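Residue numbers (this note's numbering): 16 to 155. We put the CB at the ideal spot given by N, CA and C, even for glycine. Bear in mind that the values here come from a model prediction, so they are computed numbers and not experimental data. Report on the structure given below.
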């Protein structure tokens, strides 16, 4: 008699559970040295990618313009599978322009990110509403 197959693990099949994902805006304003000339945009992205490649609890991807250009550089922190199970939703962070902001993002994702760990207090000051939430509040 054969045994039934064991249930599939939660997450993304054989690749393991889904980690936090940092969606880094690199559209019209974010990552633009003319808009924020004192920021090492390429260095920031390289640090985030290196953290993801070193077995950290995150993945990184870039995207075109996310919308809140007045708050560049914008990074959306998508929760891990564990965070989603806890009810977390994506968290939008603006003004990620220096090493301190990048350090805070990395520390939070290493600790588990949305739904798993509290963000550093300084990072909370950079949290912004998603564009659709802002439009809804203005009645558009």
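Check your understanding: Hey, residue 43 and residue 88 are a contact pair by Cβ (cut 8 Å); roughly how many whole angstroms apart?
Key -> As a first step, residue 43 is located in the chain shown; it is residue number 28 there, counting from the start. As a first step, residue 88 is located in the chain shown; it is residue number 73 there, counting from the start. Between residue 43 and residue 88, the beta carbon gap of about 12 Å keeps them out of contact (Cβ cut-off 8 Å).
Review point. Can you give, in chain order, each stretch of the alpha helix (DSSP H) that sits fully within the stretch 34-71 and has at least 4 residues?
Key: Fully enclosed alpha helix (DSSP H) runs of no fewer than 4 residues occupy 56-68 of the stretch 34-71, in order along the chain.
Point to revise | 7 Å CB neighbourhood of residue 142 in its chain, flanking five on each side removed | key: As a working note, residue 142 is residue 127 in the chain shown. Closer than 7 Å at Cβ, skipping near neighbours: 106, 107 and 108.
Point to revise | Span of the alpha helix (DSSP H), counted from its first residue to its last, around residue 107 | key: For the purposes of this step, residue 107 is taken as the residue at position 92 of the chain shown. Unbroken run through residue 107 is the beta strand (DSSP E), 106-108; no alpha helix (DSSP H).
**Study point:** Nearest candidate by alpha-carbon position, reference residue 58, set 112, 122 and 119
**Key:** Translated into the one-based positions of the chain shown, residue 58 becomes position 43. Ranking the options by Cα distance to residue 58, first place goes to 112.
Point to revise | Cβ neighbour criterion (16 or more within 10 Å) applied to residue 137 | key: Along the chain shown, one-based indexing puts residue 137 at 122. Answer is exposed; the Cβ neighbour count stays below 16.
Check your understanding: Who are residue 86's beta bridge partners in DSSP?
Key -> Within the chain shown, the letter at position 71 stands for residue 86. For residue 86, no pairing in a beta bridge is given by DSSP.
Exercise for review: State buried or exposed for residue 103, treating a residue as buried only when at least 16 other CB atoms are found within 10 Å of its CB.
Suggested key: The residue you call residue 103 lines up with position 88 of the chain shown. With a 10 Å radius around the Cβ and a threshold of 16 neighbouring Cβ atoms, residue 103 comes out buried.
Check your understanding: Buried or exposed: residue 78, going by 16 or more other Cβ atoms within 10 Å of its Cβ?
Key -> The sequence position of residue 78 within the chain shown is 63, counting from 1. By the C-beta density criterion, residue 78 is exposed, having fewer than 16 other C-beta atoms within 10 angstroms.
Check your understanding: Could you check where the beta strand (DSSP E) with residue 73 kicks off and where it finishes?
Key -> Position 58 of the chain shown, counting from 1, holds the residue named residue 73. That run of the beta strand (DSSP E) goes 73-78.
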